[in-house]
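Novice: Please read through the structure below; I'll follow up with questions.
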Amino acid sequence: MIYKNTVRIFARMKMNFVTAIFLLGILSCGTNTSRSTASAISAPEQDVVLVLDPDASDSNISWDKTVHDFGDVSVEDGPLSCTFTITNNGSEPVAIFEVVSSCGCTDVKWTREPLMPGKSGTISATYKNEDGPTAFDKTLTVYISGVKKPVVLRLRGVVHEKKKSLSQLFGAQKLGDFGIKTRELKLGTLRQGLSASESVTVANLGSRPLTVSFADVSQQLSLTVTPNPIPAGATANLTYTVAADPSLYGRNAYFATPVLNGSKAAGSLSVMAFTQENFAAWSESERENAAIPMFENSTVSFGVVSAGSHITASFTCKNRGKAPLHIYKADSEDPALTLTADIPDIPAGNSSTIDFSLDTSLLAKGDCVIMLSLITNSPLRPVVNLFVTGEIR
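The sequence shown begins at 9 in my numbering and counts up one residue at a time.
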């Protein structure tokens, strides 16, 4: 091996199962994980150069999808199978070293030969569906040459004891004939400079094809339905994507109103996403010299108070890093807790307080726990969660 900025392995090899395990062992340095069963696919002997670049990203590979949603199925459907396709968009060969399943309930097979530039391979997974009626969300962790971090694929769905009608599954929050399980959609974490997507299953509960478009769509949000129109009595995938807005951090809601066969629906859909800073392009030096927020206490208790009391208190933060600490946003999970002043930038080595007030008249009696999330410019602590607790009588 030659160790420089890029580590290159030059070998004449057959990418068989033993070779893949050996290479993974070099990469993982003894990681103790359980591996799924797999069957090898023989490959012709050839000269292969695999580039293991510790600074590489996954920009040279693409997937047809990273999540497969089986939707609503029944116990009697038996094992559930799907396939993910990976394409090598780079100029060097890549190989799938290993695929690790999150549990023994999922079997997996994958293409073993190296993928030449422009070529594709597959990962086929089968969920055994032996756990009875339950929701499932399983992961496949994929280790690929030239990619710094493993790629996580997901298989999910809901298993019912018996098959249910579309109205039973999608009628609770329907908009006309547009069936959907919930109008409040979640996206998860969104990093600045990027976009994130998620999809859910929707249904046409009517007796004629349903063409779906959207109006009053928030900036940064886009939605597509496939197939469209949705055949009568059939399901479709609703994919929603949010592109990060440089001016927005923390929790933000995005909205769209379905337009069904040309008529605007009576209600709207919301998409909730949590945006934080993106440190992927930061150098090692920038990371080492960044801000580091440290708090004397992560929890403030106001004790026992009477309902209707107004409480003021504070958290004390010290910046133990080498650069000023900037807090982009402080997100309270309950409107009863608000900041009483803006949070100034905290110079390296300095301390500052984060002052807040709590209006208990807006809260129910009993034990109280409210989380306050700070979104920061610290790669070590991009999000800091603080808690306010007590009892209201």
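Where is the CB? At the ideal position from N, CA and C, for every residue including glycine. Please read all numbers here as calculations on a predicted model, not as lab measurements.
Determine the extent of the alpha helix (DSSP H) in which residue 364 is found, giving its start and end residues.
Specialist: One-based indexing of the sequence shown puts residue 364 at position 356. From DSSP, residue 364 is part of no alpha helix (DSSP H) but of the beta strand (DSSP E) over 359-367.
Novice: For residue 181, write down the residues that DSSP places opposite it in a beta bridge.
Specialist: Looking up residue 181 in the sequence shown gives position 173. Residue 181 pairs with nothing; no bridge assigned.
Novice: Would you mind giving the Cβ-Cβ distance between residue 314 and residue 361, rounded to the nearest angstrom? I have them listed as a contact below 8 Å.
Specialist: As a working mapping, residue 314 is identified with position 306 in the sequence shown. As a working mapping, residue 361 is identified with position 353 in the sequence shown. That pair is no contact at about 26 Å.
Novice: Mind checking whether residue 400 and residue 391 have CB atoms under 9 Å apart?
Specialist: Position 392 of the sequence shown, counted from the first residue, corresponds to residue 400. Position 383 of the sequence shown, counted from the first residue, corresponds to residue 391. Going by C-beta atoms, residue 400 is not nearer than 9 Å to residue 391.
Novice: Figure out for me which residue from 229, 251, 236 and 289 has the closest Cα to the Cα of residue 278.
Specialist: One-based indexing of the sequence shown puts residue 278 at position 270. Selected option, being the one with the closest Cα: 229.
Novice: Go ahead and pull the three-state DSSP assignment for residue 162.
Specialist: Indexing the sequence shown from 1 puts residue 162 at position 154. DSSP places residue 162 in strand when its eight states are reduced to three.
Novice: Tell me the DSSP secondary structure of residue 350 in three-state form.
Specialist: For the purposes of this step, residue 350 is taken as residue 342 along the sequence shown, with counting starting at 1. It is coil, neither helix nor strand.
Novice: In terms of residue numbering, what span does the alpha helix (DSSP H) encompassing residue 295 cover?
Specialist: For this step, residue 295 is matched to residue 287 along the sequence shown. Run containing residue 295: 292-296, per the alpha helix (DSSP H) assignment.
Novice: What residues in its chain sit with their C-beta under 6 Å from that of residue 124, if we drop five residues either side in the sequence?
Specialist: As a working mapping, residue 124 is identified with position 116 in the sequence shown. If we look at residue 124 and ignore the five residues flanking it on each side, its Cβ neighbours are 101.
Novice: Measuring CB atoms only, is the stretch 169-177 touching the stretch 247-266, in the sense that at least three cross pairs come out at less than 8 Å?
Specialist: No, because fewer than three Cβ pairs between the stretch 169-177 and the stretch 247-266 fall closer than 8 Å, the two stretches do not touch.
Novice: Going by beta carbon distance, what residues of the same chain come within less than 8 Å of residue 138, once the five residues before and after it are set aside?
Specialist: Taking the first residue of the sequence shown as 1, we reach residue 138 at position 130. Taken in chain order, the residues that qualify are 113.
Novice: Determine the burial state of residue 394: buried for a count of at least 16 other Cβ atoms within 10 Å of its Cβ, exposed for fewer.
Specialist: By 1-based counting over the sequence shown, the position of residue 394 is 386. The residue in question, residue 394, is buried, as its Cβ has 16 or more Cβ neighbours within 10 Å.
Novice: Let me confirm a value: residue 318 is counted as buried when at least 16 other C-beta atoms fall within 10 Å, else exposed. Which label applies?
Specialist: Numbered from 1 along the sequence shown, position 310 holds the residue referred to as residue 318. Label assigned to residue 318: exposed.
Novice: Grab me the residues of residue 332's own chain with a C-beta within less than 7 Å of its C-beta, minus the 5 sequence neighbours each way, in chain order.
Specialist: For this step, residue 332 is matched to residue 324 along the sequence shown. These residues qualify, in order along the chain: 299, 353, 354, 355 and 356.
Novice: Mapping DSSP to helix, strand and coil, what is residue 155?
Specialist: Looking up residue 155 in the sequence shown gives position 147. Residue 155: coil per DSSP, three-state reduction.
Novice: Per DSSP, which residues does residue 391 bridge with? Please list them.
Specialist: Within the sequence shown, the letter at position 383 stands for residue 391. 383.
Novice: Say whether the stretch 92-108 touches the stretch 182-200, bearing in mind that this needs 3 or more beta-carbon pairs closer than 8 Å, one atom from each stretch.
Specialist: No, they do not touch.
Novice: Below 8 Å on the Cβ atoms is my guess for residue 80 versus residue 208; work out the distance and round it to an integer in Å.
Specialist: Walking along the sequence shown from the start, residue 80 turns up at place 72. Walking along the sequence shown from the start, residue 208 turns up at place 200. In fact, because the Cβ distance is near 12 Å, the residues do not count as touching under 8 Å.
Novice: Relative to the alpha-carbon of residue 136, which residue among 83, 161 and 184 has its alpha-carbon at the smallest distance?
Specialist: What you label residue 136 is simply residue 128 of the sequence shown in a count that begins at 1. It is 83.
Novice: Could you pull out every residue in the same chain whose Cβ sits closer than 6 Å to the Cβ of residue 142, ignoring the five residues on either side in sequence?
Specialist: The residue you call residue 142 lines up with position 134 of the sequence shown. For residue 142, where only same-chain residues beyond five positions count, the Cβ hits under 6 Å are 167.
Novice: For chain C, is any of its Cβ atoms less than 9 Å away from the one on residue 324?
Specialist: No chain C is present in this structure, which holds just one protein chain.
Novice: Do you know how far the Cα of residue 309 is from the Cα of residue 272?
Specialist: Looking up residue 272 in the sequence shown gives position 264. Looking up residue 309 in the sequence shown gives position 301. Straight-line Cα distance between these residues: approximately 48 Å.
Novice: Which word fits residue 306, buried or exposed, when buried means at least 16 other C-beta atoms lie within 10 angstroms of its C-beta?
Specialist: Counting from one through the sequence shown, the residue named residue 306 turns up at place 298. With fewer than 16 Cβ atoms within 10 Å of its Cβ, residue 306 is classed as exposed.
Novice: Could you compute how far the alpha carbon of residue 60 sits from the alpha carbon of residue 342?
Specialist: Here residue 60 refers to the residue found at position 52 when the sequence shown is read from its first residue. Here residue 342 refers to the residue found at position 334 when the sequence shown is read from its first residue. Summary for residue 60: the model assigns pLDDT 42, below 50, so the residue's position carries little reliability, and this model does not support an answer.
Novice: Could you check which residue in 247, 235, 211 and 267 has the C-alpha nearest to that of residue 241?
Specialist: Numbered from its first residue, the sequence shown carries residue 241 at position 233. Ranking the options by Cα distance to residue 241, first place goes to 211.
Novice: Suppose contacts are defined by Cβ-Cβ distances below 9 Å. Is residue 387 in contact with residue 259 by that definition?
Specialist: Sequence index remark: in the sequence shown, residue 387 carries index 379 (1-based). Sequence index remark: in the sequence shown, residue 259 carries index 251 (1-based). No. Outside cutoff.
Novice: Can you give the Cα-Cα distance for residue 140 and residue 115, rounded to whole angstroms?
Specialist: For the purposes of this step, residue 140 is identified with residue 132 of the sequence shown, where counting begins at 1. For the purposes of this step, residue 115 is identified with residue 107 of the sequence shown, where counting begins at 1. Spanning the two alpha carbons is a distance of roughly 18 Å.
Novice: Can you tell me whether DSSP reads residue 110 as helix, strand or coil?
Specialist: Taking the first residue of the sequence shown as position 1, residue 110 is located at position 102. Correct three-state label for residue 110: coil.
Novice: Determine the DSSP secondary structure at residue 63, reduced to helix, strand or coil.
Specialist: One-based indexing of the sequence shown puts residue 63 at position 55. Since pLDDT at residue 63 reaches only 38, below the 50 mark, its modelled position is unreliable, and the value read off the structure follows with that caveat. It is coil, neither helix nor strand.
Novice: With residue 220 and residue 266 assumed to form a contact (beta carbons below 8 Å), what rounded beta-carbon distance in angstroms separates them?
Specialist: Within the sequence shown, the letter at position 212 stands for residue 220. Within the sequence shown, the letter at position 258 stands for residue 266. Indeed they touch by this definition, with Cβ atoms about 6 Å apart.
Novice: Where does residue 370 sit, in a helix, a strand or coil, going by DSSP?
Specialist: Within the sequence shown, numbered from 1, the residue matching residue 370 stands at position 362. Of the three classes helix, strand and coil, the one that applies to residue 370 here is helix, per DSSP.
Novice: Since residue 263 sits in a beta bridge, which residues does DSSP pair it with?
Specialist: The count along the sequence shown starts at 1 and reaches residue 263 at position 255. DSSP, once it has assigned bridges, lists 278 as partnering residue 263.
Novice: With DSSP run on the structure shown, which of helix, strand or coil describes residue 83?
Specialist: In the sequence shown, the residue the question calls residue 83 occupies position 75. Note: residue 83 maps to helix in three-state DSSP.
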